[in-house]
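When we follow this note's numbering, the leftmost residue of the sequence shown carries the number 8, and every step to the right adds one.
Working notes, beginning with the structure itself.
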Amino acid sequence: MQSIIETVQPYVNTIATAAAGVLTAFVLGGLNKLKTKVNVWLEARTTAAQREVIHKVAGEAFALAQTAFKEAGGERKLQEALQYASLTLSSQGIVVSQVELKSAIEKAYLEYKAKTKAVLATEAQPNEEATQAAAKEAVSGLAAKLNDFLAQATAEVTPVIQGQVHFETEPNTAPTEAAVQQTVAAE
């Protein structure tokens, strides 16, 4: 029996070693896939964080160029903003191409321009109280004219007697100006 074990033992060792090798290959393959997924996830998160920093620095660069170089032309302001942003980002270890940096600064400029237009449009709108007062005044004037028109329209013509025409007016049943104003105010 001892000789059979000694004869079979090299084969068992070879099979066990091969099985351990196959198992190790599967484990390493799984770890490699996991490593790839983790690297992609980390890279995406880092890129998002870097993009946020890039846009903040671009906004700062635009603000600096806008205030420090008021009299300079647009191209000079852009060059100054690019220089500031490039130095600031490189000091933080973030490498960005000039095209990406320029586009981030241009985006900051467009956002500033949109906000400025929105503020100017808001300031140009009349306040609500003045608008309501003007509307009430217009309705009062319209009500007075309507009263005059209705008074003229309700005048009756009496039958013609021997070629004479007599005009009689009925009591004015048209709504009063106060009633019209109350109706408009209730709406």
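Glycine included, C-beta positions come from ideal geometry on N, C-alpha and C.
Predicted, not measured: the structure shown is a model, and the values here were computed from it.
Residue i, DSSP secondary structure in three states
i, result
"residue 82", "helix"
"residue 66", "helix"
"residue 100", "coil"
"residue 33", "helix"
"residue 77", "coil"
Separation of residue j from residue i, as counted between CA atoms
i, j, result
"residue 91", "residue 121", "23 angstroms"
"residue 30", "residue 100", "42 angstroms"
"residue 89", "residue 48", "30 angstroms"
"residue 79", "residue 87", "10 angstroms"
"residue 77", "residue 71", "10 angstroms"
"residue 14", "residue 21", "13 angstroms"
"residue 144", "residue 159", "23 angstroms"
"residue 240", "residue 24", "Limits of the chain in this structure are 8 at one end and 194 at the other, which puts residue 240 out of reach."
"residue 142", "residue 136", "10 angstroms"
"residue 125", "residue 74", "20 angstroms"
"residue 82", "residue 104", "18 angstroms"
Proximity below 8 angstroms, CB of residue i to CB of residue j
i, j, result
"residue 149", "residue 112", "no"
"residue 140", "residue 69", "no"
Neighbourhood of residue i by C-beta distance below 7 angstroms, restricted to the same chain and skipping five residues each side
i, result
"residue 9", "none"
Stretch pair the region 37-45 + the region 54-72: three plus CB contacts closer than 8 angstroms = no
Inter-stretch contact at 8 angstroms, needing at least 3 Cβ pairs: the region 88-106 / the region 63-77 = yes
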